[in-house]
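To start, the structure itself, in C-alpha cells.
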C-alpha cells in the first residue's frame with residue numbers, strides 16, 4: 001500500500017515473539033485480513049494479537065495508544081484494545097511492536113448491516129462518551145483541526161479523480177466540500193475524539209457494536225470528525241437516528257459530512273489498486289455524501 005512499507009509475515013512474528021516473549025513461543029500465528037493501513041495484524045493463539053507498524057510513523061501511533069487507552073477505557077461503553085506487552089526491534093524488523101488482548105467480533109460492512117438503527121445508537125453512545133470524557137492534557141486529534149487544513153489536499157484529490165475511470169461527479173464533490181468549509185467552526189472547548197471511525201476500526205456481534213479499536217489518531221479538538229460513520233457505514237434510513245442520538249448542531253453535522261468526503265476522495269486514488277476494502281468504502285462514502293441533503297433543521301449548539 002505504501003512505497004516505504006516494511007514487509008512482514010507470520011514467520012517474522014514467530015521469531016519476534018519467541019525472542020522477546022518465550023512464554024508465547026508455541027502459540028500459533030495467523031495474519032488477519034484487514035482494511036487497516038497502518039499496522040499488520042496477526043492473531044497469536046486464542047487470546048492475543050500482534051500489531052506491527054508498516055511504516056515508521058506507526059510507531060508514534062502505538063505510543064499514543066499505550067499512553068491514553070488505559071485512561072480513556074473506563075469512560076467508554078464498549079471494549080477497547082488492551083496493550084499487554086511491547087516488543088523491541090529485532091530479527092530485521094526496525095521498530096517497536098505491540099501485543100494486545102484479543103477482542104471477539106467482526107468488522108461491519110456497509111450495505112450489510114443486521115441492525116442499522118441499533119448500531120447507529122451504539123455508535124452515538126460511544127461518540128458522546130468520547131466527547132464528554134474529562135481527561136486533561138490530551139494530544140491534538142488527527143482530524144480535530146478545522147477542515148480548511150485539508151482543503152488543498154482534498155481539492156487535489158477531487159481533481160485527480162476527475163480524470164480517473166471512476167463514476168464520479170467532481171463538480172458535485174467540490175460543491176459539497178465548499179458547503180462543509182462554509183460551516184461555522186467549532187468554538188467550544190476541544191473535545192476528545194477517536195477521529196478514525198472507519199468500519200475496519202469497529203467490531204460488531206449480532207449487529208451491535210461490541211468494540212472500537214485502533215486509537216492511533218485519538219485526541220482532542222473538533223469532535224465533528226467522529227460523525228463519519230453516518231456516511232461510511234450507516235444507511236440513509238439510520239442516519240437520522242444516528243444524528244438525533246449523537247446530538248449535534250447543523251454546523252457540526254456539516255463538518256462531519258466534510259470530513260467523510262475528504263477522507264474518501266483522498267483514500268480512493270491512493271488505495272484504489274492496493275486496498276480493495278478501503279477503496280470500496282471510499283466509493284460508498286462519495287455516493288452517500290453526494291446523495292445526502294444539507295441539514296435543514298437546527299440542533300443544539302456546540303456542546
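Numbering (full-length UniProt numbering), first residue to last: 1 to 303. Just so it is clear, CB atoms sit at the ideal spot from N, CA and C, and this is done for glycine as well.
Query: Contact under 8 angstroms by Cβ, residue 222 with residue 192; Result: no
Query: Same chain, Cβ closer than 6 angstroms to residue 231, five either side skipped, listed in chain order; Result: 260, 285, 288, 289
Query: Limits of the beta strand (DSSP E) - the one that residue 42 falls within; Result: 39 to 44
Query: Residue 18: first and last residue of the uninterrupted alpha helix (DSSP H) it sits in; Result: 10 to 20
Query: From 292, 280, 218, residue whose alpha carbon lies closest to that of residue 67; Result: 218
Query: Cβ neighbour criterion (16 or more within 10 Å) applied to residue 180; Result: buried
Query: Extent of the continuous alpha helix (DSSP H) run through residue 209; Result: Careful: residue 209 lies outside any alpha helix (DSSP H), inside the beta strand (DSSP E) at 208 to 212.
Query: Within the stretch 84 to 109, ranges of the beta strand (DSSP E) (whole runs, at least 3 residues); Result: 97 to 101
Query: Per DSSP, the bridge partner or partners of residue 239; Result: Its beta-bridge partners do not exist; DSSP assigns none.
Query: Heavy atom of the ligand COA within 7 angstroms of residue 174 beta-carbon; Result: Among the components of this structure there are no ligands whatsoever, and the ligand COA is therefore not found.
Query: Residues near residue 50 by beta carbon distance below 6 angstroms, same chain, minus five either side; Result: 13, 42, 44, 99
Query: For residue 144, three-class secondary structure by DSSP; Result: coil
Query: Environment of residue 276 [buried if 16+ CB atoms lie within 10 Å]; Result: exposed
Query: Simplified DSSP state of residue 172, which is helix, strand or coil; Result: helix
Query: Alpha carbon of residue 169 to alpha carbon of residue 243, nearest angstrom; Result: 26 angstroms
Query: Alpha-carbon to alpha-carbon, residue 147 and residue 238; Result: 25 angstroms
Query: Residue 272 - containing alpha helix (DSSP H), residue span; Result: Run containing residue 272: none; DSSP gives neither H nor E here.
Query: Residue 192, enclosing beta strand (DSSP E) - first and last residue; Result: 191 to 193
Query: Close-in-space but distant-in-sequence residues of the same chain around residue 118 (CB under 8 angstroms, 5 per side omitted); Result: 207, 208
Query: Beta-carbon gap between residue 79 and residue 205 smaller than 8 angstroms; Result: no
Query: Buried versus exposed call for residue 202 [16 or more other C-beta atoms within 10 Å across all chains shown]; Result: buried
Query: Residue 114 to residue 92 span [Cα, whole Å]; Result: 44 angstroms
Query: Identified DSSP bridge partners for residue 203; Result: 211
Query: Element boundaries [alpha helix (DSSP H), containing residue 31]; Result: Not the alpha helix (DSSP H): residue 31 falls in the beta strand (DSSP E), residues 29 to 31.
Query: Assigned secondary structure, residue 286 (DSSP; H/G/I helix, E/B strand, else coil); Result: helix
Query: Exposure of residue 273, with buried meaning 16 or more beta-carbon neighbours within 10 Å; Result: exposed
Query: Nearest-angstrom Cα separation, counted from residue 256 out to residue 227; Result: 5 angstroms
Query: Euclidean distance between Cα positions of residue 236 and residue 292; Result: 8 angstroms
Query: Rounded separation between residue 173 and residue 16 - CA only; Result: 46 angstroms
Query: Proximity of residue 18 and residue 150 at Cβ, strictly below 8 angstroms; Result: no
Query: Simplified DSSP assignment, three categories, for residue 59; Result: helix
Query: Status (buried if at least 16 other CB within 10 Å, exposed otherwise) for residue 143; Result: buried
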